[in-house]
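Protein chains in written order, with our numbering: chain A, 25 to 190; chain B, 10 to 205.
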Amino acid sequence: MAAGNTYEAIATFTTTTSNTTSYTFSSIPSTYTDLVLICNLKATSSNSSLVVRFNGDSGSNYSNTQLYGNGTSAVSQRFTSQTEGYLSFSGFPTATFGPTIVNFMNYANTTTNKTYIGRGGYASGYVDTSVGLWRSTAAISSMTLYAGNFFDTGCTFSLYGIKNSA
Amino acid sequence: MSPILGIYASQISGHLWAPSGAYDSIATTTVGAGGAATITFSSIPSTYTHLQVRYMGMTSRATYGQDAMNVAFNGVGGTSYSRHDLRADGSAVSAGSATSQGTIDLNYATLGTTVSSYPGVGVIDILDYANTSKYKTLRYLGGVDENGTIAGYPGAVVYASGLFQSTSAISSITFTPQLAAFAQYTSFALYGIKGN
Numbered sequence: 025m026a027a028g029n030t031y032e033a034i035a036t037f038t039t040t041t042s043n044t045t046s047y048t049f050s051s052i053p054s055t056y057t058d059l060v061l062i063c064n065l066k067a068t069s070s071n072s073s074l075v076v077r078f079n080g081d082s083g084s085n086y087s088n089t090q091l092y093g094n095g096t097s098a099v100s101q102r103f104t105s106q107t108e109g110y111l112s113f114s115g116f117p118t119a120t121f122g123p124t125i126v127n128f129m130n131y132a133n134t135t136t137n138k139t140y141i142g143r144g145g146y147a148s149g150y151v152d153t154s155v156g157l158w159r160s161t162a163a164i165s166s167m168t169l170y171a172g173n174f175f176d177t178g179c180t181f182s183l184y185g186i187k188n189s190a
Numbered sequence: 010m011s012p013i014l015g016i017y018a019s020q021i022s023g024h025l026w027a028p029s030g031a032y033d034s035i036a037t038t039t040v041g042a043g044g045a046a047t048i049t050f051s052s053i054p055s056t057y058t059h060l061q062v063r064y065m066g067m068t069s070r071a072t073y074g075q076d077a078m079n080v081a082f083n084g085v086g087g088t089s090y091s092r093h094d095l096r097a098d099g100s101a102v103s104a105g106s107a108t109s110q111g112t113i114d115l116n117y118a119t120l121g122t123t124v125s126s127y128p129g130v131g132v133i134d135i136l137d138y139a140n141t142s143k144y145k146t147l148r149y150l151g152g153v154d155e156n157g158t159i160a161g162y163p164g165a166v167v168y169a170s171g172l173f174q175s176t177s178a179i180s181s182i183t184f185t186p187q188l189a190a191f192a193q194y195t196s197f198a199l200y201g202i203k204g205n
C-alpha cells in the first residue's frame, strides 16, 4: 500500500435479488483508524430501518440516540440495551433508494467501547442522524447489516477505511 | 513532509504523515495518561481545499461524564466566532445559537465519559480554509450515547455550523474542553482534502 493513501475502499457489495435479508462485511482489517459505511438502499416490501451487529454479538450491548424529521416535526428518541444497533432509524423506502452514511471511529482500538455516528433518510419520508454505542472493547472485525424485511435488488454497500498519521 | 508541521498538546504523542493523495492525513494526536488541556494542530499547510477533523473524545470531567468543546483558529479570540446548532438528547430536540463569541462552542455532548468508557465522536468539516477572501465556516456532526445510564445526561447527537469572521487562511486549530480536560485515549486526526 502506498504511503499517503488514507481513504481506501475495503469492500463493496450490490444486491442482485429482492430477498436479501442481511449482508456481512467480514475480516475487516484493523489497519485503519476509522471506517465509513456508505449505503444506498431500497426496501422490497415496506419501509425499513437499517441495523447492525458487530462481530456477531447478539447481546444487549447496543444503544442509540436519534434525531429525525418527517416533514412535520422533529423527534428525538433513545433505544438502550438493544440486541442490535440502529444505523438509520428512518432507513430506506420501497419507492426510491435512500442513502445512509455512517462513521465508525477508532473501531480497532481494544480499550474503549465503540461509538459511531451516521445520517440517512430519503426525500419522500424522513431525514435522520444518530449516534450509537456498542458496549464492547473488542476491535470491530465484522459487521452484519440487517433490513427490517428485505433489501431490494440494486442496493449498494460500500465500506471504506481511513488511516491517520499515527 | 513539512518540517514545520506541528502538534502541540501536553501528554500527547503525535505523528506526521507524508501526504500524496486527494484525502491526506495531515496530523494525529492521541492523549496520554496525564490528559491534555488543549489539542492544537499548528502549521497547517495551505495546499488543500478543505480540512476534515475526525475525533474520538473523552473528558476528565468527574460530574456527568460529558463535556462540550470549543474550537478556535489561528489563536484568535475576541468576538470573531458564531454558531448555530441543533441538538437531540433522546427525548427533546432544541436549537441554539451564539454570536460574537471568543470561540465556536460545540455544545451539549461532544466529549464522552471515561467512567464507563463511552467515547464521544464527531466529524468537523472546514471549507475553503486557506482562502483569503472568505470568512471561514465549519460543519459539525457529533455526539455521545451512554446507553441511558447517566441520569440527566445520557447522551445526545448534535449538528452545528460555525463561522470564523476572518479572511486569513487557517493555519492552526485549537480544541479546548469547556469544563475539564481531554482524557486518555482521546484521539484527533486532521485530514486535508484536495481539489483539482
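Each residue gets a CB set at the ideal place from its N, CA and C atoms; glycine is no exception.
Short Cβ contact (8 Å threshold) for residue i with residue j
i	j	result
Phe-37 of chain A	Ser-166 of chain A	no
Ser-100 of chain B	Ser-114 of chain A	no
Ser-106 of chain B	Arg-96 of chain B	no
Asn-137 of chain A	Ser-126 of chain B	yes
Asp-98 of chain B	Ala-189 of chain B	no
Val-40 of chain B	Ile-182 of chain B	no
Lys-145 of chain B	Ile-135 of chain B	yes
Gly-156 of chain A	Ser-87 of chain A	yes
Reduced DSSP category for residue i - H, G, I as helix; E, B as strand; rest coil
i	result
Ile-179 of chain B	coil
Ser-11 of chain B	Interpretation of Ser-11 of chain B is limited by its pLDDT of 33, a score under 50 that renders its predicted location unreliable; no figure is taken from the coordinates.
Ala-189 of chain B	coil
Ile-141 of chain A	strand
Glu-32 of chain A	strand
Ser-196 of chain B	strand
Lys-145 of chain B	strand
Asp-154 of chain B	strand
Trp-26 of chain B	Its pLDDT being 47, under 50, Trp-26 of chain B is placed unreliably in this model, and the coordinates cannot settle the point.
Phe-113 of chain A	strand
Cys-194 of chain A	Nothing can be reported for residue 194 of chain A, as the shown portion of chain A is limited to 25 through 190.
Arg-92 of chain B	strand
Phe-121 of chain A	coil
Asp-33 of chain B	strand
Gly-131 of chain B	strand
Gln-174 of chain B	coil
Ser-79 of chain B	Checking the sequence, you will find Asn at residue 79 of chain B rather than Ser. Strand at Asn-79 of chain B.
Interface partners of residue i on chain B, CB under 7 Å
i	result
Asp-58 of chain A	Arg-63
Ala-98 of chain A	Val-102
Arg-77 of chain A	Ordered by position in chain B, no residue passes the 7 Å Cβ test against Arg-77 of chain A, which lies about 16 Å from the chain.
Asn-130 of chain A	Met-65 and Ser-196
Thr-104 of chain A	Asn-156 and Gly-157
Asn-188 of chain A	Ser-34, Thr-37 and Ala-198
Under 7 Å by beta carbon: chain A residues contacting residue i
i	result
Tyr-90 of chain B	Those do not exist, as Tyr-90 of chain B stays about 23 Å from chain A at its closest Cβ, beyond 7 Å.
Ala-4 of chain B	Residue 4 of chain B is absent from the structure shown; chain B starts at 10 and stops at 205.
Tyr-32 of chain B	Thr-30 and Tyr-31
Gly-99 of chain B	Thr-89, Ser-100, Gln-101 and Arg-102
Gly-204 of chain B	Near Gly-204 of chain B there are no residues of chain A at all, since even the closest Cβ is about 15 Å away, more than 7 Å.
Alpha-carbon to alpha-carbon, residue j and residue i
i	j	result
Ala-36 of chain B	Phe-184 of chain B	14 Å
Ser-82 of chain A	Arg-159 of chain A	12 Å
Ser-172 of chain A	Ala-139 of chain B	Checking the displayed sequence, the identity of residue 172 of chain A turns out to be Gly instead of Ser. Distance between the alpha carbons of Gly-172 of chain A and Ala-139 of chain B is about 45 Å.
Tyr-146 of chain A	Leu-61 of chain A	17 Å
Ala-118 of chain B	Gly-131 of chain B	10 Å
Gly-161 of chain B	Asn-85 of chain A	21 Å
Pro-123 of chain A	Arg-70 of chain B	37 Å
Thr-195 of chain B	Gly-66 of chain B	4 Å
Thr-47 of chain B	Ser-182 of chain A	35 Å
Thr-139 of chain A	Asn-83 of chain B	30 Å
Cys-63 of chain A	Gly-87 of chain B	43 Å
Glu-108 of chain A	Val-76 of chain A	6 Å
Ala-178 of chain B	Ser-89 of chain B	14 Å
Val-151 of chain A	Gly-74 of chain B	29 Å
Met-78 of chain B	Lys-66 of chain A	37 Å
Ile-164 of chain A	Asn-156 of chain B	19 Å
Proximal chain A residues relative to residue i, where beta-carbon distance stays under 8 Å
i	result
Leu-150 of chain B	Ile-141, Arg-143 and Thr-153
Gly-132 of chain B	The amino acid at residue 132 of chain B is misidentified as Gly; the sequence shows Val. Result: Asn-127 and Ile-141.
Gly-121 of chain B	Thr-139
Partner residues on chain B for residue i, Cβ-Cβ distance less than 8 Å
i	result
Gly-156 of chain A	Asp-154
Beta-carbon neighbours of residue i, restricted to chain B and to distances below 9 Å
i	result
Thr-135 of chain A	Ser-126, Gln-193 and Tyr-194
Residue i: contacting residues in chain A (beta-carbon distance under 9 Å)
i	result
Tyr-168 of chain B	Leu-91, Arg-143 and Thr-153
message: Quick check: the stretch 40 to 56 of chain A against the stretch 173 to 186 of chain A, are at least 3 beta-carbon pairs closer than 8 Å?
response: yes
- request: Mind the definition here: the stretch 195 to 204 of chain B touches the stretch 167 to 177 of chain B only if three or more C-beta pairs lie below 8 Å; say whether that holds.
  value: no
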